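Worksheet for the structure shown next.
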Amino acid sequence: MHLFMGNSEVTIDQKLSQEEWERKKFSLEMDFKERELQISKNRLKVEARRNILIGLLVPIIVALMTAVPAYINSVNQQALKQLEFEAQLITNSVKTGDPDQAAINLKFLIDSGLLGGKTAERVSKYLKNREPGVGRALPPG
């Protein structure tokens with residue numbers, strides 16, 4: 001079927017295919033816009049998840065930064081108290097006025113486990129190298 005329009009001749013098939021092409025073009029553009037919208041939504045979801053993760057990690061890191069030094073300080077305080085206790089035991093055990101009795105008292109502290117670690121090693125070394133009748137002793141009192 002032919003249509004006559006002025007000097008040009010246009011077939012109905014050509015007119016339909018032009019309309020179909022426009023519909024197809026519009027459909028493709030809509031699909032493209034929908035995909036762009038979906039990509040934007042996905043990007044927002046990822047950013048929201050990242051922000052939530054950061055919001056959760058920051059307090060955890062702050063808590064660790066507070067807890068770790070507090071724990072280390074606690075351990076150091078315990079070690080210091082242990083050393084003070086051992087020093088007090090040693091001081092009291094040598095307050096005999098007699099170096100041999102002081103050595104017996106020190107050996108008792110080591111054997112009973114009241115002195116431990118490096119302190120016990122140093123006192124043991126002292127006792128091993130000490131000559132009878134010679135050594136450290138403080139006046140009783």
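Counted from 1, the sequence shown has number 31 at position 31 by my numbering; the numbering is strictly sequential.
We treat Cβ as the ideally placed atom computed from N, Cα and C, and that holds for glycine.
These numbers were taken from a predicted model, which means no experiment stands behind them.
Buried or exposed, going by whether 16 or more other CB atoms sit within 10 Å of the CB of residue i?
i    : result
A63  : exposed
L109 : buried
L3   : Unreliable placement is indicated for L3, whose pLDDT of 47 sits below 50; no coordinate value is reported for it.
T66  : exposed
M1   : In this prediction, M1 has a pLDDT of 48, which is less than 50 and means its spatial position is unreliable; what the coordinates show is noted afterwards. Under this definition M1 is an exposed residue.
So residue i and residue j are supposed to be a Cβ contact under 8 Å. How far apart are they, rounded?
i    : j    : result
V94  : A102 : 4 Å
L106 : L127 : 6 Å
Looking at residue i: is its Cβ nearer than 8 Å to the Cβ of residue j?
i    : j    : result
A149 : T96  : Since the displayed the chain opens at 1 and closes at 141, residue 149 lies outside it and no answer follows.
P99  : V134 : yes
Taking residue i as the reference, give the member of the options with the closest Cα.
i    : options         : result
P139 : T91, D111, I104 : T91
E131 : L83, I104, S27  : I104
T119 : N76, E34, L83   : L83
L89  : K125, G116, Q78 : G116
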